[in-house]
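Residue numbers (UniProt numbering), protein chains in the order written: chain R, 1 to 541; chain L, 1 to 269; chain A, 1 to 350.
Only one structure is covered here, and it is reproduced in the block below.
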Amino acid sequence: MSTATETQRKAPAGERVADWADGRLGIYGLAKANMRKIFPDHWSFMLGEICLYSFIIIILTGVYLTLFFNPSMNEVVYHGSYEPMNGIRMSAAYASTLDISFDVRGGLLVRQIHHWAAIIFLAGMFVHMFRVFFTGAYRKPREINWLFGFLLFVLGMFTGFTGYSLPDDLLSGTGVRFTQGAILSMPIVGTYISMFLFGGEFPGTDIISRFYSIHILLLPGIMLGLVVGHLILVFFHKHTQFAGPGKTNKNVVGMPLLPVYMAKAGGFFFLVFGFIAILSAIATINPIWALGPYRPDQVSTGAQPDWYMGFAEGFVRVMPGWEINLWGHTLVLGVLIPLVLFGLVLGALALYPFIESWITGDKREHHILDRPRNAPTRTGLGVAWVTIYFVMLIGGGNDIWATHFHLSLNAISWFVRIAFFVGPVLAFVVTRRICLGLQRRDKEKVLHGRESGTIKRLPHGEFVEIHEPLSPAQLHTLTAHEQYKPVEIGPTVDENGVERKPSALQKLRARLSQSYFGEDNQIAKPTAEEYKEITSGHGHH
Amino acid sequence: MKKLSARRRHPLAAVVVLLLALAATGGLYAAFAPAGKAQADETAQSLAIDEGKKLYSVGCASCHGSGGQGTTDGPSLVGVGSAAVDFQVGTGRMPAQQPGAQVPKKKVIYNQAEIDQLAAYVASLGAGPITPTESQVDPAGADVAKGGDLFRNNCAQCHNFTGKGGALTNGKYAPDLEGVSPKHIYEAMQTGPQSMPSFPDSTMPEQEKKDIIAYIETVNGDESESPGGLALGGLGPVSEGLFGWIFGLGGLIAIAVWVAAHTAKAKKS
Amino acid sequence: MSSQQIPEENLPVVQDTAHGAVEGAGDPFADPGLPAHRPRIQDIDERAARRSERAVAFMFTLSMLATIGFIASYVIFPVDKIVYIWPLGHVSALNFSLGMTLGLALFLIGTGAVHWARTLMSDVEVADDRHAIEAEPEVKAKVMADFAAGAKESAIGRRKLIRNTMFGALALVPLSGVVLLRDLGPLPEKKLRSTLWAKGKLLVNMNTMEPLRPEDVVVGSLTFAMPEGLEEDAHDFQTQIAKAALMIIRIEPENIKDKREREWAHEGIVAFSKICTHVGCPISLYEQQTHHVLCPCHQSTFDLSDGARVIFGPAGHALPQLRIGVNSEGNLEALGDFEEPVGPAFWERG
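Right, dumping it as structure tokens:
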């Protein structure tokens, strides 16, 4: 064929490079499927991007910080340029963090970008996760991606924890001490794990360098893999979308990757990076120079972890001091129970998609998002979970709330203890009622139109408000959601008169299904007949 | 500090040195002159005690008893010393207004002369810590770094790393130390007001108290440096987390709304 | 458990066709399809488009200037220069200028790109079909057949000896990795049970580094002490002080409620471990009027006038007390080590 010679003659340089790469990587095949891939536009679909970009920013700034940071617990006497620490004995890790902050030009900025980005990374993941939760985006086929995201959140917490511990300052050292105390509380293996992790007794001389390799290598390495997997799955599944005219479970409506999404998503990276840089120019984070070097016999009030560990801190703070001594052994329930609760609360979130799909028995793919109001039980459970989380965050900062709202520390602890049990129940009930109310309002709107605010006087003197009928697009959007019918156990006697005993699991499932989709737990969608009857028989207002 | 040597050759250096010399002379005079009048002090002292007693019976006796012996409403003042009075009345804590977990700092009611008279009277009830002199509390020349170490060892557990204060049990609290005068900090350490334990000279010598005062002035004063920007109250991760959520994530979500929003259409069809 | 148990009518009606108008009980209102595209002002007015173009170019230009500003700031401002900026306070000139210029340089690239995309790139919404993720039945059948053929050829099902020994080998080999972790640290043994304190060790005031004397400690005061002979520059200072730190207070003996506490004190001077029994924070928020001491980490509260028993919070047992006395020179000394382990509780504590 003559095309080969033609290409050699005519093709511009860019195309020739692409040809070269295609011959080795098959990039044209990839590009065919992805270059004009469609992404729906919605601000809440960009929460994940905030996380991705802050993760990239953290890696970039983190690499820079490793060039100057010295992860060693060797004791040095500081004689750098920060006067209030002059002559103070400290670890080389703390001293090098002071140097990054005061002697490396721009070092303070990079440290602050790194830390602010970490705060935002975790907060972004939290909000992203709940966007996915409340819209039901975790349903088939995205359950695995939900787990990937969940793991990223949990690993992010621990990467953050090992990271803020590295400077070996008095605040983070107190956090490490807490970790060691928590490890000691584990039955049988506690003391061994503590000795192995710390290379002997607390604090020893190893923990900073061990946290260093966990913080810069082990955890980010796993996270990077998960991020890549998460993104590949987003591409593979294509993005979900909200219901609307022209949007179905079988298509995806939006704008193509090239050029619009490339520009918007690429631009958004710079926006996030720029924004965090400006944040780091105007607000201090973790001023380790004010905290002092770690000493196991010194402490400051207001000893809190970074926000994402705050809810675990809350559990630990409000737990009563139960301790069981039997047969020469101690079971430290006061510390162990919070640790277990920490795992259970997170685990419940991870498993929820699987629990819900078992209750609904729905094995179909879902690409249209639910509006939270149309899944009242799920929304209620989500809000209940968030309530526990934030109640515990309050518990984790109870001393700060006490001083700033002139409350008693003990009163706040008691409030949190009670709210841990009462709060989620209350939140669940209230949220579900609100959801059902909103469903009713939607039904009202569909059947009677939107309240226009215009008041008309009828000939016989009655005043009425004109209701504008909704457009077909709006009518469709408000009624596009799916409604399940609750599962029933079925007859306990089959057609041959043989008694059939439903298993406990079946009963539980029927009960749960009833509470999700029972008559009082969702408002039936308006039907076309209802609509026709009202619009035709009821005059035209 | 580093640049002092460079500035020594500045044309105005001579003027500065002259001014310093004048100030030093004046200061020396002020320091030594009252010593000459020591004999006259005794009568002045007993006068002050009389005046103080009058003020005391009007303002303090209802709670602390007519002779400072204490009642159910207020502790005995025998042996608390003039330093305690100077601190309690000088920071407005006394006279107390209402019962509560803790008597807060408020507007000072008495002027310094009256406070001195009250202090003289209470001191006459029984020996106790004496109001420090200006040179005793002057942090000039103190070791800030040593003060920081002492502060973290003795004070930070209640008052926070840089003296921003913190919570105690049942609504009590350790107050923020910003704006508290060196004299009052010194007196608080010496006398241990309310919940605070005392740090007497026997366990924390005068020089160490000065070091601590110097540290507080450096990290928690009007001129304190916060190189990284807004200090967010100096409270640590709670305020940082709130700031990160509200301004950090909040700002980014606002930006995301802009990025994802549909561009305005030409006109309504 | 499987979907077969759920009758089909319990599932909502599926929206099956792409742009189809499904009118039924489940979805009463037909999907009117994608709304027609409406042009933006930039699509129909070339002048508006030019304005957008200029705005984008302006942002990119400003970004370039900001980067130059970044380099200039890096060169101009000394690393220790502090300036007052309202409302931030006394901040580092370098941190502020570098952060602002870098931030603007990046942010303006972002606003430029997004403005470009929003105003000048096509905003026609396109619908793309989704494809089933599950394989077609014939594909699945082929894969299963291939797998069966492969498994058969390997004879893994037939030669069980090979299979079982292979599983055994694969299961055992990671053990080497676990074994290698053994030297991460020593075994606990009795390390958590003892501290540096021993009979005759003087109590050294951590402020002055002088031995404490009974007359130094007045009622209402708070002092911290460490054992004589422990030097700050010792290689194991941190590890030793983490267990040995002491909190010294004085209570009038008649106000001490606990009999053992009174006996272990010297004229009302009591020495308690400074390390909280909850998770080991240095506890020392001593309220001298009530003799309560509060932990700043998790708010465990102990009553130092009553054997340091727990009166609030998550700690499970009282703070250990050190028995003290006075030696012949009039200095406070320990009369032995703590009788129980200090710090957080652990399984072997008993």
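For every residue, glycine included, the Cβ atom is placed at its ideal position computed from N, Cα and C.
Here V425 (chain R) is exposed: its Cβ has fewer than 16 other Cβ atoms, across all protein chains shown, within 10 Å. If you look at M226 (chain A), you'll find it isn't in any alpha helix (DSSP H); it sits in the beta strand (DSSP E) that goes L222 to P227.
Just so you know, the alpha carbons of C297 (chain A) and I400 (chain R) end up roughly 12 Å apart.
Neighbourhood of V56 (chain A) in chain R, by CB distance below 7 Å: empty, with the nearest CB roughly 10 Å away. Only residues of its own chain outside the window of five on either side were considered, and among them V89 have a CB closer than 6 Å to the CB of Y110 (chain L), listed in chain order. Between I275 (chain A) and A245 (chain A) the beta-carbon gap is near 6 Å, inside 8 Å, which marks them as a contact.
I207 (chain R) sits close to F198 (chain R), with the two beta carbons spaced by under 8 Å. For D99 (chain R), the closest C-alpha among the options R:S81, R:Q304 and R:E49 is that of R:S81. Under the Cβ criterion of 8 Å, Q288 (chain A) is counted among the residues facing chain L. Under DSSP, the beta-bridge partners assigned to Y84 (chain A) are A:H90. I324 (chain R) is bridged by DSSP to R:L331. Identification of residues in the stretch 313-326 of chain R having a C-beta nearer than 7 Å to some C-beta of chain A yields V316, R317, M319, P320, G321, W322, E323 and N325, given in sequence order. F147 (chain A) and A182 (chain R) have their C-alpha atoms some 48 Å from each other. Chain R places a beta carbon closer than 8 Å to that of Q157 (chain L), counting this residue as a contact. Pairing A402 (chain R) with L409 (chain R) gives a Cβ-Cβ distance under 8 Å. Chain R has a Cβ within less than 8 Å of the Cβ of G99 (chain A). Note on Y352 (chain R): 16 or more other CB atoms within 10 angstroms of its CB, so buried under the neighbour-count rule. Put simply, of A:A242, A:T208, A:L161 and A:L175 the residue whose alpha carbon is nearest the alpha carbon of L196 (chain A) is A:A242. Taking a Cβ-Cβ cut-off of 8 Å, Q514 (chain R) has no neighbours in chain L, whose nearest Cβ is about 37 Å from it. Within the same chain, F150 come within 6 Å of A350 (chain R) by CB-CB distance, once the 5 residues on both sides are set aside.
With fewer than 16 other Cβ atoms inside 10 Å of its own Cβ, G490 (chain R) counts as exposed.
With the criterion set as a beta carbon lying under 8 Å from some beta carbon of chain A, the members of the stretch 225-245 of chain L are E225, S226, P227, G228, G229, L230 and A231, in sequence order. Annotation: Cβ neighbours of M204 (chain L) in chain A (cutoff 7 Å, chain order): N207.
Taking C-beta atoms as the reference points, Y308 (chain R) and M157 (chain R) count as a pair closer than 8 Å. Flagged as an interface residue toward chain R: I255 (chain L), by a C-beta distance shorter than 8 Å.
Taking 7 Å as the cut-off between beta carbons, the residues of the stretch 128-155 of chain A near chain R are D128, D129, R130 and I133, in sequence order.
What H476 (chain R) touches in chain A, judged by beta-carbon distance under 7 Å, is F29, A30, D31 and P32, going in chain order.
H215 (chain R) counts as buried, since at least 16 other C-beta atoms from the protein chains shown sit within 10 angstroms of its C-beta. When the Cα atoms are used, G437 (chain R) and I523 (chain R) turn out to be separated by approximately 9 Å. In summary, the residues of the stretch 16-38 of chain R whose CB is separated from some CB of chain A by less than 9 Å are R36, K37 and I38, in the order they occur in the chain. Counted as a single uninterrupted DSSP element, the alpha helix (DSSP H) harbouring I241 (chain A) occupies residues F237 to A244. Distance check between P205 (chain L) and each of A:L88, A:K259 and A:T223 places A:T223 closest, using alpha-carbon atoms only. Under the rule that a run must span 3 or more residues, the beta strand (DSSP E) segments found entirely inside the stretch 246-320 of chain A read 246-250, 269-273, 285-287, 292-294, 301-303 and 309-312. Scanning its chain for C-beta atoms nearer than 6 Å, with the 5 sequence neighbours on each side dropped, one finds around T119 (chain A) the residues Q42 and S52, in chain order. S91 (chain R): member of the beta strand (DSSP E) spanning R89 to S91, first to last residue. Shown here, G29 (chain R) sits in a helix according to DSSP, grouped into three states.
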